[in-house]
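Those sequence lines, one after another, are chains E and Y.
Just so you know, the first sequence maps onto residues 1 to 245 in my numbering.
Just so you know, the second sequence maps onto residues 1001 to 1319 in my numbering.
Beta carbons: idealized from backbone N, C-alpha and C, even for Gly.
Quantities reported herein were computed from a predicted structural model and do not represent experimental measurements.
Report on the structure given below.
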Amino acid sequence: MLQVENVTMSFDGFMAVDGANLTVEKGEIVAVIGPNGAGKTTLFNLISGQLRPDSGKVRFKGEEITGLPAYEICRKGISRSFQIVNIFPRLTVFENVEVSVLSQQKRSLSLVPSIRKRTIGDTKKILSSVGLADKSDRISGLLSHGDQKLLEFAVALASRPELLILDEPTAGMSPEETQVAMELIRQLSLNLGLTILFCEHDMDLVFSISQRIMVMRHGKSIIQGDPEVVRNNQEVQEAYLGGSE
Amino acid sequence: MNQRVILRSLPILIVLFLMPLIAPRFYVYTLASIFVMGLLTMSLNLALGYGGLYQLHHAVFYGIGAYTIALIFSKTHLPVWIGFVAGPVAAAILSLLMGLICIRLSRLYFGMLQISLGSLVWAIAVKWYTFTGGDNGIHGIPVPGILSSINGAYYFILIVAAFCVLAMYLIVKSPFGATLQAVRDNPARSEAIGVNVAKHQLAGLVLAGFFSGIAGDLFVVLEGSVYPDLMFWTLSLEIMIMCLLGGMYTFMGPVLGAAIILVLRISVGSLTEYWTFVMGIVLMLLIFFLPQGVLGYIEERWKTRGTGLMKKGLSNVTG
Chain E
1 MLQVENVTMS FDGFMAVDGA NLTVEKGEIV AVIGPNGAGK TTLFNLISGQ LRPDSGKVRF
61 KGEEITGLPA YEICRKGISR SFQIVNIFPR LTVFENVEVS VLSQQKRSLS LVPSIRKRTI
121 GDTKKILSSV GLADKSDRIS GLLSHGDQKL LEFAVALASR PELLILDEPT AGMSPEETQV
181 AMELIRQLSL NLGLTILFCE HDMDLVFSIS QRIMVMRHGK SIIQGDPEVV RNNQEVQEAY
241 LGGSE
Chain Y
1001 MNQRVILRSL PILIVLFLMP LIAPRFYVYT LASIFVMGLL TMSLNLALGY GGLYQLHHAV
1061 FYGIGAYTIA LIFSKTHLPV WIGFVAGPVA AAILSLLMGL ICIRLSRLYF GMLQISLGSL
1121 VWAIAVKWYT FTGGDNGIHG IPVPGILSSI NGAYYFILIV AAFCVLAMYL IVKSPFGATL
1181 QAVRDNPARS EAIGVNVAKH QLAGLVLAGF FSGIAGDLFV VLEGSVYPDL MFWTLSLEIM
1241 IMCLLGGMYT FMGPVLGAAI ILVLRISVGS LTEYWTFVMG IVLMLLIFFL PQGVLGYIEE
1301 RWKTRGTGLM KKGLSNVTG
């Protein structure tokens, strides 16, 4: 479904991503792991259009999407959440999701207020699926960090993606909140058949829910394979244990 | 919800309608100026408060609207309605052109480029004596008879401004309005959920320009003259202060800000010519004690009555 071929990206001469390869098949849960600064977030930004790669190709459903603006990539069916909470802080929880639903329905330029009635149902459904229904009217900037992370999901889900990219979905969450989030990811994949690509530092979690794992180090992808293969790989162990530089 | 808002503003409209019958001429004139200024600040707030765009030279669009209708009334024999339509349309077109150039830059750079381009337009109005009357402007513009009396002008301005406020309210409550506020809060995330940010910002600018053009129309109806100061940058600054004073994250705040400053200028201005000194003090107090603006403060208190918990947090978000 998604093929990333040899993409590179440098910032002022620093190669943040230096020849990364990744494939994601339909319906899979794929994790990207690697030490801090390995280029995971940059890779995600290259896929979802926040950044344009210097070279390399990104293909989605057979179509090349390299370097398209983020909003077009979203319309093609890739949606993402961000590592740092990235919501619309002055809008209510409901409006945050509603705006995303409106955009998905291509109604965001409509000047007819009553159109918004038609999005209520979808918005409520998404909010209750992440467990935020009872906080609809709260100003989103005032929510707890865990709830903001959930809202982050909800906003991404409202785009009705085929491929959902989650950048450290549980970063900064309490253990309880992490459990909720992980259960949510599992449900999304199971019930909606959503393809999920995520990166995460919590290894127990990565190995418990992902079907395949890609490992990055110094901007390069080292290996992509089943959790067992990755666990036993020499290079991966070096990357994590700090081995030979 | 919408009907309730309209119903609630009805008493105010009725009082305003009765004003010319009970109030002296001077107060009627002052009220009409507040409506014109209020409409102008509200149109600015569409871009500034709702779109998060640093619209630093909004007065240019107001001035273009006013000059367009003034030129059509004084130099042509076209039907009156063409003049009234041409003002806002010219302002909207200028907004689009300047927007296309400025939108590539973000935040403050956007505003600075807008000031430069706007000053260019102002310079044309000042220098092109034969066409625009130069720094004298155009006076004695033949306004249609029914509007030439102060009461006629008052009612016309009140009705047009009320419809504009209603239209802007509907825009703010529309899907576009909601999306524009999302773009204001977080442009990058808006892109990521499939919103073409530049397109929305441009549409917001054009709408803001359009309504400021209508304010320009109304100014000509009220004053019967135009002059280059209408598009000088100090006016842009003044209406921005009005927005901040009233509350740029509230719908009616800008009108309140315009009313406060105009009333201050008239009342203090009659006592001392240093009325800007008083305004400076008012502004300093505002920044320290009401960073969210007068109406912003009132709305906040009203919304969070009883839930003291939210009060602090909300000003954190807005401040």
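Of all residues in the segment 1159 to 1173 of chain Y, those with a C-beta nearer than 8 Å to a C-beta of chain E are 1170, 1171 and 1173, reading in chain order. Between residue 92(E) and residue 1140(Y), the alpha-carbon positions lie close to 51 Å from each other. The alpha-carbon separation between residue 68(E) and residue 20(E) amounts to approximately 18 Å.
Within chain E, the residues placing a beta-carbon under 9 Å from that of residue 1181(Y) are 88, 90, 91, 95 and 99, ordered along the chain. Identification of residues in the segment 105 to 137 of chain E having a C-beta nearer than 7 Å to some C-beta of chain Y yields 107, 108, 109, 110, 111, 112, 113, 115 and 116, given in sequence order. The C-beta of residue 1107(Y) comes no closer than 8 Å to any C-beta of chain E. If only uninterrupted alpha helix (DSSP H) runs of at least 4 residues are considered, those enclosed by the segment 81 to 144 of chain E are 93 to 104 and 120 to 129.
Take residue 1278(Y), set aside five residues on each side of it, and the residues of its chain with a beta-carbon closer than 6 Å to its own are 1268, in chain order. Just measuring C-alpha positions, the residue of 1032(Y), 1015(Y), 1051(Y) and 1045(Y) sitting nearest residue 1176(Y) is 1051(Y). Short of 6 Å from the beta carbon of residue 1038(Y), and not among the five residues preceding or following it, lie these beta carbons of its own chain, in chain order: 1255 and 1258. Residue 238(E) sits in a helix when the DSSP states are folded into three classes. A straight line joining the alpha-carbon of residue 1138(Y) with that of residue 1227(Y) spans about 6 Å. For residue 2(E), the uninterrupted beta strand (DSSP E) segment begins and ends at 2 to 11. Here the alpha carbons of residue 1300(Y) and residue 126(E) stand approximately 29 Å from one another.
Chain-order list of chain E residues neighbouring residue 1185(Y): 88, 89, 90 and 91, by C-beta distance under 7 Å.
About 6 Å separates the Cβ atoms of residue 1153(Y) and residue 1032(Y), confirming a contact at the 8 Å cut-off. For residue 227(E), none of the residues of chain Y pass the 7 Å Cβ criterion, the least Cβ distance being about 29 Å.
Residues of the segment 1186 to 1210 of chain Y with a Cβ closer than 8 Å to any Cβ of chain E, in chain order: 1186, 1188, 1189, 1190, 1191, 1192, 1193, 1194, 1195, 1196, 1197, 1199, 1200 and 1203. With a threshold of 8 Å between beta carbons, residue 231(E) makes no contact with chain Y.
The closest CA to that of residue 29(E), considering only 196(E), 224(E), 203(E) and 237(E), is found on 196(E). In this structure, the CA atom of residue 216(E) is about 38 Å from the CA atom of residue 1201(Y). Within 7 Å of the CB of residue 159(E), the CB atoms of chain Y belong to 1193 and 1194, in sequence order along the chain. Residue range 1275 to 1289 is occupied by the alpha helix (DSSP H) that includes residue 1276(Y). The three-state secondary structure of residue 14(E), taken from DSSP, is strand. Closest in alpha carbon position to residue 1208(Y), among 1101(Y), 1093(Y) and 1077(Y), is 1093(Y). A direct Cα-Cα distance of roughly 14 Å separates residue 175(E) from residue 149(E). Closer than 8 Å at the C-beta level to chain E, one finds these residues of the segment 1226 to 1254 of chain Y: 1249.
Within the same chain, 1183, 1187, 1190 and 1191 come within 8 Å of residue 1197(Y) by CB-CB distance, once the 5 residues on both sides are set aside. Counting only the Cα atoms, residue 1105(Y) lies some 15 Å from residue 1057(Y). Spanning the alpha carbons of residue 34(E) and residue 79(E) requires a straight line of approximately 22 Å.
According to the DSSP assignment, residue 1035(Y) belongs to the alpha helix (DSSP H) that extends over 1025 to 1045. In this structure, residue 209(E) places its C-beta atom within 8 Å of the C-beta atom of residue 186(E). Taking residue 1009(Y) as reference, the option from 1165(Y), 1107(Y), 1217(Y) and 1142(Y) with the minimal CA-CA separation is 1165(Y).
Excluding sequence positions up to five before and after residue 1049(Y), its CB lies within less than 7 Å of the CB of 1243, 1248 and 1249, all in the same chain and listed in chain order. For residue 89(E), same chain residues with a beta-carbon under 8 Å away, outside a window of 5 residues either side, are 139, 140 and 141 in chain order. Using beta-carbon distances, residue 58(E) does not count as an interface residue toward chain Y, since no partner is under 8 Å.
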